[in-house]
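S.K.: Structure below; questions to follow.
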Amino acid sequence: MNPAAVALVATTAIQIAAAAAALTLPAIAPVVARDLGVPTSMVGTYIALLYVGSSTAALAGGGIVLRVGAIRLSQLCLIACAAGLALGLVPALAAVAAAAVLVGLGYGPITPASSHVLAKTTPREKLALTFSIKQTGVPAGTALAGLVVPPLAVAYGWHAAVLAIAAACALLAFAVQPLRAALDADRDRSARLSAGQLVAGLRLVAASAPLRTMAAVSFVYAGMQMCVSSFIVAYLAEEIGLSLVVAGLGLTTANVAGVAARIVWGAIADRWLSARAVLAWLGALMAAASALAALFAPGWPLAALLAVAAALGATAIGWNGVYLAEVARLAPAGRAGLATGGCLFFTFVGVVVCPFLFGVLQRASGSYALCFAAAAGVCALAAAALGLSGRFRAPSGSA
Numbered sequence: 041m042n043p044a045a046v047a048l049v050a051t052t053a054i055q056i057a058a059a060a061a062a063l064t065l066p067a068i069a070p071v072v073a074r075d076l077g078v079p080t081s082m083v084g085t086y087i088a089l090l091y092v093g094s095s096t097a098a099l100a101g102g103g104i105v106l107r108v109g110a111i112r113l114s115q116l117c118l119i120a121c122a123a124g125l126a127l128g129l130v131p132a133l134a135a136v137a138a139a140a141v142l143v144g145l146g147y148g149p150i151t152p153a154s155s156h157v158l159a160k161t162t163p164r165e166k167l168a169l170t171f172s173i174k175q176t177g178v179p180a181g182t183a184l185a186g187l188v189v190p191p192l193a194v195a196y197g198w199h200a201a202v203l204a205i206a207a208a209c210a211l212l213a214f215a216v217q218p219l220r221a222a223l224d225a226d227r228d229r230s231a232r233l234s235a236g237q238l239v240a241g242l243r244l245v246a247a248s249a250p251l252r253t254m255a256a257v258s259f260v261y262a263g264m265q266m267c268v269s270s271f272i273v274a275y276l277a278e279e280i281g282l283s284l285v286v287a288g289l290g291l292t293t294a295n296v297a298g299v300a301a302r303i304v305w306g307a308i309a310d311r312w313l314s315a316r317a318v319l320a321w322l323g324a325l326m327a328a329a330s331a332l333a334a335l336f337a338p339g340w341p342l343a344a345l346l347a348v349a350a351a352l353g354a355t356a357i358g359w360n361g362v363y364l365a366e367v368a369r370l371a372p373a374g375r376a377g378l379a380t381g382g383c384l385f386f387t388f389v390g391v392v393v394c395p396f397l398f399g400v401l402q403r404a405s406g407s408y409a410l411c412f413a414a415a416a417g418v419c420a421l422a423a424a425a426l427g428l429s430g431r432f433r434a435p436s437g438s439a
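Convert by adding 40 to the 1-based position in the sequence shown; the result is the number in our numbering.
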């Protein structure tokens, strides 16, 4: 297997494991909340704390990867995820809150580390497709948590289910050790680790207009992605009147479409359109899909509802790989991880802020439809700003 393929397989496996770890406790939130004596809705606080840790660690990760190497950093991240899951077994709210932050600290640097590896091992003409394939690890890991963790919890108890995912993360950390010599050969032991590394990625983004644009767009797109994932089931169940099981098909459909679309958009960005053009079109299509979702009514056929859910997934969940490939392309040589960490800070902030605002608007208006209409407007503005911010470059494969 050639080095590019090895790097892609390894980083995708690591991404799947980290994503599964992030969603392990939320996947069994009802039973965990019952044992802790808190409302299940507290899972929202868990997710928020996780992304606070992720956003902070993503900033640091871009600098740490230069000193220790991307594989070593990924190993440390997997161990942090495993330790966080183990901490979540302690029957105390403070411990679970700390667990969320610790899992987030492990989750955040995974993407900057993988970007560093893939940027140096992938041919430029295959960059967007490769990053898109790797990013399928996020919905794949989410799906894995949903498919595996609840049945394990039913069969053996939720503590055993959590420990199983923690053990898988730890085992993968050891399994990738043989790859370190080759993939971490560019690490710089003289690189300094300091508090300044937390802002080095931000400084890099601030100094580059194209990177600033990518960071701003990712704030909106990532926020929309989390809004779809967080609220589509509630919308279909509470306003449209579907059963919880049938409403869950909407979320499943969106994620399946998102996995497939990530690969399709990556291929398009490599062969026919520039990454910026693809991202602008995705924003416009995201807005259109959200506007259609705002028109949902109890009389709509299930097939039509699922078709719109698929469109939301293909756009709001399908954009990430193209975005990360473009960030890596725009970064100075050898600084893909640093640039990715800086941009991901804004991505993760969008993940926290946008669903919060969506929820505030829903509680104030009592209407999920109004929220999706508002989201459509925001996505349309982001797409327009991206489209007007500069001339589209040619696809990398045409050079």
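Just so you know, even glycine gets a beta-carbon here, dropped at the ideal spot from N, CA and C. Since the structure is predicted, the reported quantities are computational estimates derived from the model, not experimental observations.
Rounded to a whole number of angstroms, what is the C-alpha to C-alpha distance between V37 and R227?
M.R.: Here the chain covers residues 41 to 439 and nothing more, so residue 37 does not appear.
S.K.: Can you give me the Cβ contacts of V136 inside the same chain, cut-off strictly under 6 Å, excluding the 5 residues immediately before and after it?
M.R.: Only G128 meet the Cβ criterion.
S.K.: Over what stretch of residues does the alpha helix (DSSP H) that includes V189 continue unbroken?
M.R.: Segment 177 to 196, the alpha helix (DSSP H) holding V189.
S.K.: Do the CB positions of P179 and N42 come within less than 8 Å of each other?
M.R.: Between P179 and N42, the CB-CB gap reaches or exceeds 8 Å.
S.K.: Could you give the residue range of the alpha helix (DSSP H) that holds S269?
M.R.: 249 to 274
S.K.: Taking the alpha-carbon positions, what's the L167 to A420 distance?
M.R.: 26 Å
S.K.: Tell me, to the nearest whole angstrom, how far the beta carbon of L118 is from that of I54; I am working on the premise that it is less than 8 Å.
M.R.: 7 Å
S.K.: Three-state secondary structure (DSSP) at F336?
M.R.: coil
S.K.: Excluding the five sequence neighbours on either side, which residues of its own chain have a C-beta within less than 8 Å of the C-beta of V273, listed in chain order?
M.R.: L284, A287, G288, G290, L291
S.K.: Using three-state DSSP, classify L30 as helix, strand or coil.
M.R.: A query on residue 30 cannot be resolved here, the shown segment of the chain reaching from 41 to 439 and no further.
S.K.: Name the two residues that bound the continuous alpha helix (DSSP H) containing D75.
M.R.: 69 to 76
S.K.: Would G19 pass as a contact of G146 if the rule is Cβ separation under 8 Å?
M.R.: Outside the modelled stretch of the chain, which goes from 41 to 439, sits residue 19, for which no answer is possible.
S.K.: Using only alpha-carbon positions, find the residue among G377, F396, A356 that is nearest to A416.
M.R.: The candidate whose alpha carbon is nearest that of A416 is A356.
S.K.: Grab me the residues of W359's own chain with a C-beta within less than 6 Å of its C-beta, minus the 5 sequence neighbours each way, in chain order.
M.R.: Y261, L322
S.K.: Helix, strand or coil for C419, going by three-state DSSP, please let me know.
M.R.: C419: helix per DSSP, three-state reduction.
S.K.: Could you tell me the boundaries of the alpha helix (DSSP H) in which S94 lies?
M.R.: Unbroken alpha helix (DSSP H) run through S94: 83 to 108.
S.K.: Would the beta-carbon of A195 fall within 8 Å of that of C383?
M.R.: At a Cβ-Cβ threshold of 8 Å, A195 and C383 do not count as neighbours.
S.K.: Alpha carbons only, please: which of P250, L370, A354 is nearest the one belonging to G427?
M.R.: P250
S.K.: Grouping DSSP H, G and I as helix and E and B as strand, with all else coil, what is L129?
M.R.: coil
S.K.: With a cut-off of 8 Å, do at least 3 Cβ pairs link the region 402 to 415 to the region 304 to 321?
M.R.: no
S.K.: Report yes if the CB atom of V392 is closer than 8 Å to the CB atom of A120, and no otherwise.
M.R.: In this structure, V392 lies away from A120, with their beta-carbon atoms at least 8 Å apart.
S.K.: Report the rounded CA-to-CA distance for T52 versus V257, giving the unit in angstroms.
M.R.: 24 Å
S.K.: From the DSSP output, in three-state form, read off S438 for me.
M.R.: Caution applies to S438, whose pLDDT of 39 falls short of 50 and renders its modelled position unreliable; the value that the coordinates give is listed next. Here S438 sits in helix by DSSP.
S.K.: So, for A434: in the same chain, excluding its five sequence neighbours on each side, which residues have a beta-carbon less than 8 Å away from its beta-carbon?
M.R.: Confidence is the limiting factor: at A434 the pLDDT is only 45, short of 50, which leaves the residue's position unreliable, though a coordinate-based value still follows. Excluding sequence neighbours, A434 sits near S314.
S.K.: Whole angstroms are fine: how far does the CA of A343 sit from the CA of G263?
M.R.: Distance between the alpha carbons of G263 and A343: 26 Å.
S.K.: Are there 16 or more other CB atoms within 10 angstroms of the CB of A351, so buried, or fewer, so exposed?
M.R.: buried
S.K.: I think T64 touches A185, with their Cβ atoms under 8 Å apart; what is that distance to the nearest whole Å?
M.R.: 5 Å
S.K.: To the nearest angstrom, how far is the alpha carbon of R375 from that of I111?
M.R.: 16 Å
S.K.: How many angstroms separate the CA atom of G437 from the CA atom of A62?
M.R.: Note on G437: pLDDT 45, under 50, position unreliable in the model; no value is reported.
S.K.: Kindly indicate the opening and closing residues of the alpha helix (DSSP H) around N42.
M.R.: That residue, N42, is in no alpha helix (DSSP H); it is neither H nor E in DSSP.
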